[in-house]
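The structure appears below as structure tokens.
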Amino acid sequence: MRIKRIELLTNDIIQTKLFYTRTLQFSIQYETNNSISFKTGASILTFRQDNSILSPVYHFAFNIPHNQLEEAIIWMTGKAELLSVTSESKTADFSHWNANAVYFSDNSGNILELIARHDLDNGSDTPFSSDSIQCISEIGIAVDNVPLFMDCAIKDHGLNIFSKQQPQEKFAALGDDNGLLIIAETDRNWFPTSVPARKFPTGIVLGNGNNEEDIQLAIHL
1 MRIKRIELLT NDIIQTKLFY TRTLQFSIQY ETNNSISFKT GASILTFRQD NSILSPVYHF
61 AFNIPHNQLE EAIIWMTGKA ELLSVTSESK TADFSHWNAN AVYFSDNSGN ILELIARHDL
121 DNGSDTPFSS DSIQCISEIG IAVDNVPLFM DCAIKDHGLN IFSKQQPQEK FAALGDDNGL
181 LIIAETDRNW FPTSVPARKF PTGIVLGNGN NEEDIQLAIH L
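107 is the number that full-length UniProt numbering gives to position 107 of the sequence shown; each next residue is one higher, with no gaps.
Printed below as a string of structure tokens:
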């Protein structure tokens, strides 16, 4: 599954533009008076100005080459402080996913993740840069009933349970290593923070392969 595009809300489009262009050095795909879209590998990340909802906070992840997590950590030096995963480490080891990741926050407090998935054949010898971001590979969704949302997504859109993650009452993942919907019960903290998952409007466009039509999801709109 591919996450082609996500659209998120921000209370400060100007500072968001500065963070993603100057700090992360993302290229602007297109821009309007109240929105901005960035090229993130094969995906598009869009933010839309909205002051009707106070301080929307999201979690999303980017796939990076499976062999370049250490290079990505060096690249992040001076850009944003990495979040602690444990008292001794800022690197997450997801052994059951065969992946490692680091986390940081953007100007709005969104929780971003760079994840190296070792089962993907996506290694690179090119020095790590913003161009090494391969795609948006996760978007977090807060819901009141995880099993119900999961069942509806499977039935209505043909999505699949992530084979590496057994669904739980308060947490589930749909998709594969290329793209995942991370479903969390409302108020469950986003890993590795104490920030609770909350329901904020989210637009998602998924590509499910096999020349099928894109799947468009409007969450909490």
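Cβ coordinates follow ideal geometry from the N, Cα and C atoms, glycine included.
Between the beta-carbon of Ala142 and the beta-carbon of Ala197, is there less than 8 Å?
Counting from 1 along the sequence shown, the entry for residue 142 is found at position 142. Counting from 1 along the sequence shown, the entry for residue 197 is found at position 197. Yes, Cβ-Cβ distance for Ala142 and Ala197 is below 8 Å.
Note down the Cα distance separating Asn107 from Asp151, rounded to an integer number of angstroms.
Here residue 107 refers to the residue found at position 107 when the sequence shown is read from its first residue. Here residue 151 refers to the residue found at position 151 when the sequence shown is read from its first residue. So the two alpha carbons sit approximately 34 Å from each other.
With 16 other CB atoms within 10 Å as the buried threshold, where does Ile74 fall?
Start at 1 with the first residue of the sequence shown, and residue 74 comes out as number 74. It counts as exposed.
Could you check if Thr32 is buried or exposed, using at least 16 other CB atoms within 10 Å of its CB as the buried criterion?
Counting from one through the sequence shown, the residue named residue 32 turns up at place 32. So Thr32 counts as exposed.
Could you give the distance in angstroms between the alpha-carbon of Val205 and the alpha-carbon of Asp156?
Taking the first residue of the sequence shown as position 1, residue 205 is located at position 205. Taking the first residue of the sequence shown as position 1, residue 156 is located at position 156. Spanning the two alpha carbons is a distance of roughly 15 Å.
Between the C-alpha atoms of Phe94 and Asn100, what's the straight-line distance to the nearest angstrom?
Indexing the sequence shown from 1 puts residue 94 at position 94. Indexing the sequence shown from 1 puts residue 100 at position 100. The alpha-carbon atoms of Phe94 and Asn100 are separated by roughly 6 Å.
Please classify Arg188: does DSSP put it in a helix, a strand, or coil?
Against the sequence shown, residue 188 aligns to sequence position 188. In the structure shown, Arg188 sits in coil (DSSP, three-state: anything other than H, G, I, E or B).
Can you say whether Tyr30 is buried or exposed, counting buried as having 16 or more other CB atoms within 10 angstroms of its CB?
Taking the sequence shown and counting its residues from 1, the one referred to as residue 30 is at position 30. It counts as exposed.
Rounded to the nearest angstrom, what separates Lys170 and Ile44 at their Cα positions?
Locating residue 170 in the sequence shown gives position 170, counting from the first residue. Locating residue 44 in the sequence shown gives position 44, counting from the first residue. Those two C-alpha atoms are separated by around 28 Å.
Going by beta carbon distance, what residues of the same chain come within less than 7 Å of Asn208, once the five residues before and after it are set aside?
Numbered from its first residue, the sequence shown carries residue 208 at position 208. If we look at Asn208 and ignore the five residues flanking it on each side, its Cβ neighbours are Met1, Gly158 and Ile215.
So which of Leu114, Val146, Ser27 and His118 has the shortest CA-CA distance to Ala184?
Residue mapping note: residue 184 aligns to position 184 of the sequence shown, counting from 1. Residue Val146 is the option with its Cα nearest to Ala184.
Quick check on Arg5: does DSSP put it in helix, strand or coil?
For the purposes of this step, residue 5 is taken as the residue at position 5 of the sequence shown. DSSP places Arg5 in strand when its eight states are reduced to three.
Compare the C-alpha of Phe200 against each of Ala218, Phe191 and Asn189 and name the closest.
Residue 200 sits at position 200 when you count from the first residue of the sequence shown. Among Ala218, Phe191 and Asn189, the Cα nearest to that of Phe200 belongs to Ala218.
To the nearest angstrom, how far is it from the Cα of Gly123 to the Cα of Ser52?
Numbered from its first residue, the sequence shown carries residue 123 at position 123. Numbered from its first residue, the sequence shown carries residue 52 at position 52. If I take the Cα positions, the gap works out to 42 Å.
Going along the chain, which residues of its own chain have a beta-carbon closer than 8 Å to the beta-carbon of Thr16, five neighbours each way excluded?
Residue 16 sits at position 16 when you count from the first residue of the sequence shown. Taken in chain order, the residues that qualify are Thr10, Ile36, Phe47, Asp106, Asn107 and Ser108.
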